[in-house]
Structures are given as structure tokens and as C-alpha cells.
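Step one of this worksheet: look at the structure below.
Numbering (the UniProt record's numbering), first residue to last: 1 to 210.
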């Protein structure tokens, strides 16, 4: 299913996107908060990334969408909705990755909003969440702009955890524990009920403005 936004088109990724996906993941700045700048091998994209996206689409109607320029068809990045493998909740994980040349234009926010609307309005999802390193401020701003709230902070190796009510783990006192934003991961979420409230407020504001 294609999803159109004001300035982009989201279409399911396919084998024709492999070169663009490899090129995207070869940029150290793009991969800075993903792998420390290490590129993703082509074999991983061909044998794992793409098949997993296609399996998600066939089974759940989710997966990965290529973010494209609607006028030229140029590949700008991707955004995805993934079904967690070990979760009993009706929830989806949101991810996105854009070429450095289009950073700062709000396209990530636009794509993320489109997928959240798709998740809640068409898939009946109850919760959408996203995570990144605590030091990844640009990505965190996108999460906040689309209405997500911070729900958890934990060490990337999961040895310590605090701030997540569903998984209390071994509590860490942020006042005394050493904190390195490159070692901690943050998780944000938005619930369907909150999305509905926000949609009503936005609709009401547009109606009054008109």
C-alpha cells in the first residue's frame, strides 16, 4: 500500500531499492546512532532486511516503506512499522532513516506521522513505540513532534533499567549512576487513545481557523 504525504510518497520497499538501501547505510553519519558509523553489508540487506520487510507486509500489512520524492521518484530514505516478536500487546515499533541530504526538512516527521495514522486508523494498533540512543537528539525531536512521550531509559546492554513500568528490572538511580547518553537507549510511545484526542484537537483547530 502506498501512502502519500504532503511532500513525499511512501511505497513498500522492493528488490529494486537494494542499491539505495546499501548507499544509505554506507554513510557514517546516517549510521552514527545505529552501528557507530559501521555500514550495513549488502548481504545483510539482501538476505535479512528485505525478506523481513516483505514477510511483515504479507503477514501483518506492515513492513518498510521507501520514502520517495513524488516528482522524481528519488529514494530519500525509509520508514517502517514492525511487529515485535515477543510481545503480547497490540503494538508496533516505528523506525525511520533518511539520507543526510534531506535532514532538517521535516520529512522524517511527516513520514512518521503518516505511518502512525496508518497504524491507528487502518491496523487497529493500540500502541506505537520507537527507541534510539539518548544522545540522538534529532531523532528524539521527531518522536516528540509526532506526539510521543518518553516512557523508558535503559542501558543498551539491558543490564540496568529504570523508568519502564512494564519491566522494572534492576532500578538505577539517575542521581548517582554514571550517565553516558551514548550507552543509554530511550523509548517513546503514543497510545491510540492519545492519538484520537490529538486528532480531534487538530481537527477542531483547523475548523476554527477555517
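Positions of the beta carbon are idealized from the N, C-alpha and C atoms, including for glycine.
Computed from a prediction, not measured in an experiment: that's the story for all the values here.
Is residue i helix, strand or coil when you go by DSSP?
i           : result
residue 128 : strand
residue 5   : coil
residue 11  : strand
residue 18  : helix
residue 185 : strand
residue 26  : coil
residue 159 : Residue confidence for residue 159 is low, a pLDDT of 43 falling below 50, so the modelled location carries little weight and cannot support an answer.
residue 32  : helix
residue 167 : Note that residue 167 scores a pLDDT of 41, beneath 50, so its modelled location is shaky; the value from the coordinates is reported in the next line. DSSP places residue 167 in coil when its eight states are reduced to three.
Using the Cα positions of residue i and residue j, report the straight-line distance between them to the nearest angstrom.
i           : j           : result
residue 192 : residue 130 : 15 Å
residue 31  : residue 5   : 25 Å
residue 89  : residue 126 : 8 Å
residue 139 : residue 118 : 20 Å
residue 155 : residue 180 : 9 Å
residue 47  : residue 83  : 19 Å
residue 45  : residue 86  : 23 Å
residue 50  : residue 25  : 14 Å
residue 54  : residue 99  : 22 Å
residue 70  : residue 151 : 35 Å
residue 147 : residue 15  : 33 Å
residue 80  : residue 65  : 6 Å
residue 58  : residue 13  : 13 Å
residue 142 : residue 128 : 14 Å
residue 184 : residue 40  : 22 Å
residue 93  : residue 27  : 24 Å
residue 56  : residue 97  : 18 Å
Would you mind sorting residue i into buried or exposed? The rule is 16 or more other CB atoms within 10 Å of its CB.
i           : result
residue 137 : exposed
residue 158 : The predicted model places residue 158 with a pLDDT of 44, which falls under 50 and marks its position as unreliable; any figure quoted below should be read in that light. Classification of residue 158: exposed, given that the 10 Å Cβ count is below 16.
residue 104 : exposed
residue 73  : exposed
residue 168 : Here residue 168 scores only 40 on pLDDT, less than 50, and its place in the model is too uncertain to base an answer on.
residue 182 : exposed
residue 190 : buried
residue 121 : exposed
residue 101 : exposed
residue 38  : exposed
residue 19  : exposed
residue 144 : exposed
residue 43  : exposed
residue 29  : exposed
Given a cut-off of 9 Å on the beta-carbon distance, is the pair residue i and residue j in contact?
i           : j           : result
residue 149 : residue 91  : no
residue 123 : residue 61  : yes
residue 110 : residue 7   : yes
residue 133 : residue 186 : yes
residue 135 : residue 33  : yes
residue 67  : residue 21  : no
residue 76  : residue 3   : no
Is there a Cβ from chain C that is less than 9 Å from the Cβ of residue i?
i          : result
residue 48 : The question asks about chain C, but that chain is absent: this structure has only one protein chain.
- Message: My parser needs the beta strand (DSSP E) runs of 3 or more residues fully inside the segment 39-78; what are they?
- Response: Given a length threshold of 3 residues, each whole run of the beta strand (DSSP E) inside the segment 39-78 is given here in chain order: 63-68.
- Message: Give the list of continuous beta strand (DSSP E) stretches no shorter than 3 residues that lie fully inside the segment 82-137.
- Response: 91-98, 127-133, all fully within the segment 82-137.
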